[in-house]
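Engineer: Have a look at this one.
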């Protein structure tokens with residue numbers, strides 16, 4: 001595992017350097033952001049095409065519902081990036097803003113029990129925490145994300161733990177998976193492993209969706 005972490009950090013540093021050499025990074029963020037949005041949404045069975053994404057929406061030729069969802073993801077990523085750059089933090093309020101931009105409905109944490117997970121035999125294998133516990137759990141997660149002294153580990157290991165914990169909390173009615181994947185790349189920016197969110201993992205996740 002240590003060798004893989006060393007290799008991954010080295011490749012991240014190379015990616016950071018290449019991205020820094022590109023004159024117009026806003027175009028890079030926009031283009032790759034849409035690609036990540038497309039793949040991340042596909043994990044949730046929201047499927048669209050490149051043609052739909054990159055054409056201009058209009059009254060005569062509006063975006064499809066799937067393309068609109070993907071563009072909302074890209075917009076939510078931009079909101080999160082601006083917040084991390086401005087504050088140097090990734091807070092619970094930032095996560096709420098990202099999710100609101102992503103879903104544009106039912107803001108705030110869920111007020112109803114989360115969906116239980118069952119195995120192939122129908123047995124319950126995981127039950128998300130009750131609604132009244134969500135503020136406290138998200139507060140704990142915020143501290144874990146931003147307090148470098150809370151857990152002394154490689155940031156890539158910590159990113160995986162953050163993702164697992166967020167998805168286990170499942171704080172929202174909808175959009176938990178996509179919000180969690182935005183948190184992943186923003187955490188790398190926060191930790192200065194990347195300057196801009198150009199590492200997108202969703203294409204790999206799509207290939208191994210059953211494991212994910």
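In UniProt numbering, the protein residues as written are 1 to 212.
Glycine included, each C-beta is placed from N, C-alpha and C at the ideal position.
(1) Grab me the residues of residue 206's own chain with a C-beta within less than 7 Å of its C-beta, minus the 5 sequence neighbours each way, in chain order.
(2) If you run the structure through DSSP and keep just helix, strand and coil, what is residue 118?
(3) Kindly identify the DSSP beta-bridge partner or partners of residue 124.
(4) So what's residue 190 in DSSP terms, helix, strand or just coil?
(5) Do you know offhand how far residue 85's Cα is from residue 79's?
(6) Drop a sphere of 10 angstroms on the beta-carbon of residue 138, count the other beta-carbons inside from all chains shown, and report buried for 16 or more, exposed for fewer.
(7) Is residue 1 helix, strand or coil by DSSP?
(8) Is there contact between the segment 163–181 and the segment 9–29, where contact requires at least three CB pairs shorter than 8 Å?
(9) I think residue 166 touches residue 201, with their Cβ atoms under 8 Å apart; what is that distance to the nearest whole Å?
(10) Using three-state DSSP, classify residue 58 as helix, strand or coil.
(11) Can you tell me which of 210, 203, 110 and 195 puts its alpha carbon nearest to the alpha carbon of residue 19?
(12) Could you say which of 116, 47, 133 and 163 lies nearest to residue 127 if we only look at CA atoms?
(13) By the three-class DSSP mapping on this structure, what secondary structure does residue 18 have?
(14) Determine whether the beta carbon atoms of residue 109 and residue 129 lie at a separation below 8 Å.
(15) From this set, 81, 193 and 118, which residue's C-alpha is nearest residue 156's C-alpha?
(16) To the nearest angstrom, how far is it from the Cα of residue 74 to the Cα of residue 46?
(17) Look at the Cβ atom of residue 183, then the Cβ atom of residue 163, and state whether they are nearer than 8 Å.
Structural biologist: The structure says:
(1) Here residue 206 is taken as the residue at index 206 of the chain shown, counted from 1. Once the five neighbours on either side are set aside, the close Cβ partners of residue 206 are 39, 42 and 43.
(2) Here residue 118 corresponds to residue number 118 of the chain shown, with the count starting at 1. Strand, per DSSP.
(3) Position 124 of the chain shown holds residue 124. Per DSSP, 118.
(4) Here residue 190 is taken as the residue at index 190 of the chain shown, counted from 1. Helix at residue 190.
(5) Along the chain shown, one-based indexing puts residue 85 at 85. Along the chain shown, one-based indexing puts residue 79 at 79. Each residue's alpha carbon lies about 10 Å from the other.
(6) Counting from one through the chain shown, the residue named residue 138 turns up at place 138. Buried, since its Cβ has 16 or more Cβ neighbours within 10 Å.
(7) For the purposes of this step, residue 1 is taken as the residue at position 1 of the chain shown. Here DSSP, grouped into helix, strand and coil, assigns residue 1 to coil.
(8) No: fewer than three Cβ pairs fall under 8 Å.
(9) Here residue 166 is taken as the residue at index 166 of the chain shown, counted from 1. Here residue 201 is taken as the residue at index 201 of the chain shown, counted from 1. In this structure, residue 166 and residue 201 do not form a Cβ contact; the two beta carbons are roughly 15 Å apart against a cut-off of 8 Å.
(10) As a first step, residue 58 must be located in the chain shown, where it is residue number 58. Confidence in residue 58 is poor, its pLDDT being 46 and thus under 50, which makes the residue's placement too unreliable to answer from.
(11) For the purposes of this step, residue 19 is taken as residue 19 along the chain shown, with counting starting at 1. That would be 195, whose Cα lies nearest to the Cα of residue 19.
(12) Mapped onto the chain shown, residue 127 falls at position 127. Out of 116, 47, 133 and 163, 116 has the C-alpha closest to the C-alpha of residue 127.
(13) Translated into positions along the chain shown, residue 18 becomes position 18. For residue 18, the secondary structure class from DSSP, reduced to helix, strand or coil, is helix.
(14) Taking the chain shown and counting its residues from 1, the one referred to as residue 109 is at position 109. Taking the chain shown and counting its residues from 1, the one referred to as residue 129 is at position 129. The Cβ atoms of residue 109 and residue 129 lie no closer than 8 Å to each other.
(15) Mapped onto the chain shown, residue 156 falls at position 156. Measuring from the Cα of residue 156, the nearest candidate turns out to be 193.
(16) The count along the chain shown starts at 1 and reaches residue 74 at position 74. The count along the chain shown starts at 1 and reaches residue 46 at position 46. One C-alpha to the other measures close to 14 Å.
(17) The sequence position of residue 183 within the chain shown is 183, counting from 1. The sequence position of residue 163 within the chain shown is 163, counting from 1. It is a contact, given that the beta carbons lie within the stated cut-off.
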